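**Q** Sharing a structure, written as structure tokens. Questions coming.
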Amino acid sequence: MSFTLNDRPVQATDTRGTAAPRRRTRVFALPEARWAAAALVLFLIALPLQLTGAPAWAWGPLYALAYVTGGWEPAWAGLQALRERTLDVDLLMIVAAIGAASIGQVMDGALLIVIFATSGALEALATARTADSVRGLLDLAPTTATRLLDDGGEETVATEDLMVGDTILIRPGERVGADGRVLDGASEVDQATITGEPLPVPKESGDEVFAGTLNGTGSLRVKVERDASDSVIARIVAMVEEASETKAPTQLFIEKVEQRYSVGIVLATLAVFGVPLAFGASLTDALLRAMTFMIVASPCAVVLATMPPLLSAIANAGRHGVLVKSAVVMERLGQIDAVALDKTGTLTEGTPRVTDVRPVAGAGPAGQTAPTGLTGLTGLTGLTGLTGLTGATEPTGPTEDGLLTLAAAAEHPSEHPLARAIVTAARERGLVLPDVQDFTSAPGVGVTAVVDGRTVAVGAPARLLADAPDPAVAMVVGELEDGGRTAVLVQCDGVPVGVLGIADRLRPDAAATVAALTTLTGTAPTLLTGDNPRAAARLAAEAGITDVRAGLLPQDKVTAVREAEAAGRKVLVVGDGVNDAPALAAAHTGLAMGRAGSDLALETADAVIVRDELATVPAVVALSRAARRLVVQNLVIAGVFISGLVIWDLVGHLPLPLGVLGHEGSTVIVGLNGLRLLRDAAWRRAAASAGEDRCTAEAGRPPCRRGRPVPR
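Each number in my numbering comes from the position in the sequence shown (counting from 1) with 154 added on.
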């Protein structure tokens, strides 16, 4: 009995509409269900004929057909396993049914076949529904897209035929056909299925869009940036299917024991048959007791105890943006008792933002003052003073808007993250940027450009002022850096006119996640970062982390993880960059942030957070622990049923039909119990439990609603 997410036919879907149809495998689409139904119908026709005294030739062939239709698949699978010197429990069931028929208990054997076939059909259906819940994401992606041709024409092509670099047209109300970036147009896109954002997100030139998301009222021209097989949706499906083919250590142990246990059952069955027979019991009674023993002692429920909960948890996590790569990882997630977090891109958004705009009045080397009269620079809003620099001695500088305009104009041609942060800050203030000439960029130093005839330099203060240090500028730079910000100096014609403070912003859910992980593991997370200690300490304080290790190289992060592992801790590392990959590989479990994560980090990590929602980390840990609890419950249920039925058969007289019902009933109960984690409610409970644990751990025990603190 194995659980894998087998391929099912993918139904085509329209590119329009507000919601994708829910994928749901029909019962009779499964061959196991059709054979089980045929066996049941034949049994139900034969049973009343036998009970009403009809001749054997009327009901005997019907029972025989029930045996064949319901038992041929498990019998064939059992024989195939036997050829590989493996004893399959399915074969034991068939042998027991044939044994019952051989002593005249034809109806009891047929009942065993019918119930066993029905149990197999329910297992197949449960597996298919598990696959449906994940592969249904494929229904979100349209089957066709409108590709724009070089001559201005259009053609309709299958989305799988789109190539990186193609341009596609997304009309109002259509679903996006591929992951890409907007070239032209403006609209609002509903991308809740991918990012979880509840409201449509405005999209314009330069913004990223995902396959399967729903376009609003505008039209978009999108440049394809990923193959269909590498889209976010396709990666979710592929990784969850790959995970379903792996087996957790608990399952591997059970399967290893199963072989020896099955051989033991055969030997014990022979003893149950031979011993009473040797002491004078009738052949029929001895054989009937032995067949009943073989049925009730078979470990079907035990074999089914482990994988359904773990696979259900994997599928559920995949729907909520966490790709767990294997059942092994899902089991290991619940074992972690320490967490190490990267800073940039993990605790923070990974996008620098301008936090301070500090004009510097009177700055410059001895005998030189800051240039004034910057209103002479066309378009530099907010710059006041004289119209020229010659002879200017006023100790005044630009306003904040003027300084930001000057810096953004010079940085506009640059692709550096800090440059984008400065330009974004200027646009948010509605500033108009003038054209620039003679733009140059020096890695590690900064940029230089001519803005309306003035030479403007923007870069690292230590490099730009290396030959002419300035006390006033140094004071402002030191103040910003002490606050954990990156200082960027702005010079005009060689004279400092201001300093910008730039910092990465903490994710909104970072503090809550840290608190939840602290409660789940019993220890506060550790911050491992290559950033400077002051910036790291500031971010850590905001997030509630006290153990901060800054200025680390990749090998230093690995050393920190191995020290914790050597102390007996099972460490979960969460990161996103190339420098995090060694630590992700060394940890007990590694989680990578998927949206901005490097390819190396995504490949190395055991799981990927597709939506970059940090709050899913404690949720998936809690879900893993829920899966482990269900595994234990299933093993207890299976053990109680097996031991109870075996004792009943050995000590008393257990009717064969009742033994069949008890054995197969326990198998169905265990299977359905494991599939409870497939529901969305299971994820909500996991997320809420992490939040509620956090609430109870905080001082004052604030009231919680759905696992989150009630705003004060």
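Just so it is clear, CB atoms sit at the ideal spot from N, CA and C, and this is done for glycine as well.
Here the structure is a predicted model, which means the values were calculated and not measured.
May I ask you to list the residues that DSSP assigns as paired with Q787?
**A** The partner list for Q787 (beta bridge, DSSP) is empty, contrary to what the question assumes.
**Q** For P615, is the beta carbon positioned less than 8 Å from some heavy atom of the ligand GTP?
**A** Summarising the ligand content, the structure contains no ligands, and the ligand GTP is consequently not present.
**Q** Would you kindly work out how many angstroms separate the C-alpha atoms of V222 and A212, rounded to a whole number?
**A** Whole-angstrom Cα-Cα distance: 17 Å.
**Q** So what does DSSP say about D734, is it helix, strand or coil?
**A** Three-state DSSP puts D734 in a helix.
**Q** Going by beta carbon distance, what residues of the same chain come within less than 6 Å of T594, once the five residues before and after it are set aside?
**A** Excluding residues within five positions, the ones whose Cβ falls inside 6 Å are T602.
**Q** Roughly how many whole angstroms lie between the Cα atoms of P811 and D734?
**A** Approximately 59 Å between the Cα atoms of the pair.
**Q** For E719, name the three-state secondary structure that DSSP assigns.
**A** Here E719 sits in helix by DSSP.
**Q** Around the C-beta of D636, are 16 or more other C-beta atoms found within 10 angstroms, so that it is buried, or is it exposed?
**A** By the 10 Å Cβ count, D636 comes out exposed.
**Q** Rounded to the nearest angstrom, what separates S385 and F364 at their Cα positions?
**A** Taking the straight line joining both Cα atoms gives about 8 Å.
**Q** In three-state terms, what does DSSP make of I763?
**A** Correct three-state label for I763: strand.
**Q** Which one of P772, R782, A628 and V790 has the shortest CA to CA distance from S843?
**A** Among P772, R782, A628 and V790, the Cα nearest to that of S843 belongs to P772.
**Q** Have a look at R661, A714 and A573 and flag the residue whose alpha-carbon is nearest the alpha-carbon of E767.
**A** It is R661.
**Q** I'd like to confirm the pairing. Which residues does DSSP put opposite R512 in its beta bridges?
**A** In the DSSP output, where bridge partners are listed per residue, R512 has V653.
**Q** Under the three-state reduction of DSSP, which class applies to D304: helix, strand or coil?
**A** Coil at D304, not helix or strand.
**Q** Answer yes or no: does any C-beta atom of chain B fall closer than 9 Å to that of D606?
**A** Reference to chain B is not applicable here, since this structure consists of a single protein chain.
**Q** Under three-state DSSP, which class holds D320?
**A** In the structure shown, D320 sits in coil (DSSP, three-state: anything other than H, G, I, E or B).
**Q** Name the DSSP beta bridge partners of A641, please?
**A** Looking at the DSSP assignment, A641 forms a beta bridge with G655.
**Q** Hey, quick one: how far does the beta strand (DSSP E) through A494 stretch, first residue to last?
**A** Run containing A494: A492 to L495, per the beta strand (DSSP E) assignment.
**Q** Can you name the start and end residues of the alpha helix (DSSP H) that R486 belongs to?
**A** Taken as a continuous stretch (DSSP letters only), the alpha helix (DSSP H) holding R486 covers A481 to L487.
**Q** Which same chain residues end up closer than 7 Å to I823 when comparing Cβ atoms and leaving out the 5 residues on each side of it in sequence?
**A** Within the same chain, I823 has close Cβ partners I791.
**Q** Should G722 be labelled buried (16 or more other beta-carbon atoms within 10 Å of its own) or exposed?
**A** G722 is exposed by the Cβ-count criterion.
**Q** Do you know how far the Cα of N827 is from the Cα of A225?
**A** Note that residue 225 is Gly in the sequence shown, not Ala. Spanning the two alpha carbons is a distance of roughly 26 Å.
**Q** Excluding the 5 residues preceding and the 5 following A739 in the sequence, name in chain order all residues of the same chain whose CB lies nearer than 6 Å to its CB.
**A** T758.
**Q** List the residues that DSSP assigns as beta-bridge partners of D624.
**A** Answer by DSSP bridge pairing: none, since D624 is not bridged.
**Q** Is the CB-CB distance between A316 and V343 below 9 Å?
**A** Correcting the residue identity first, residue 316 is Leu in this sequence and not Ala. Taking 9 Å as the Cβ cut-off, L316 and V343 do not qualify as a contacting pair.
**Q** Going by DSSP, what residue range makes up the beta strand (DSSP E) through Q591?
**A** Segment V590 to A596, the beta strand (DSSP E) holding Q591.
**Q** Can you have a look at R765 and say buried or exposed, based on whether 16 or more other CB atoms are within 10 angstroms of its CB?
**A** By the 10 Å Cβ count, R765 comes out buried.
**Q** Taking the beta strand (DSSP E) that T700 falls in, what are its first and last residues?
**A** Careful: T700 lies outside any beta strand (DSSP E) and carries neither H nor E.
**Q** How would you label R783, buried or exposed, when you count the other beta carbons within 10 angstroms and need 16 or more for buried?
**A** Label assigned to R783: exposed.
**Q** Under the DSSP definition of a beta bridge, which residues are partnered with P870?
**A** There is simply no residue 870 to check, as the chain begins at 155 and stops at 866 in what is shown.
**Q** Quick one: what's got a C-beta closer than 6 Å to G613's C-beta in the same chain, skipping five residues either side?
**A** Cβ neighbours of G613 beyond the five flanking positions: V599 and G600.
**Q** Smallest Cα separation from A459: which of P809, Q787 and G475?
**A** A459 has its Cα closest to that of Q787, out of P809, Q787 and G475.
**Q** Taking the Cβ atom as the reference point for each residue, do P228 and I248 lie within a distance shorter than 9 Å?
**A** Closer than 9 Å, so yes.
**Q** Expressed to the nearest angstrom, what Euclidean distance is found between the alpha-carbon atoms of D447 and A467?
**A** Before going further, note that residue 447 is Phe rather than Asp in the sequence given. If you take the alpha carbons of F447 and A467, they lie about 34 Å apart.
**Q** Under the DSSP definition of a beta bridge, which residues are partnered with T371?
**A** Answer is none; T371 lacks a bridge partner.
**Q** Can you tell me the Cβ-Cβ gap for L619 and V627, rounded? I've got them flagged as a contact below 8 Å.
**A** At roughly 6 Å, the Cβ-Cβ gap stays under 8 Å, so L619 and V627 are in contact.
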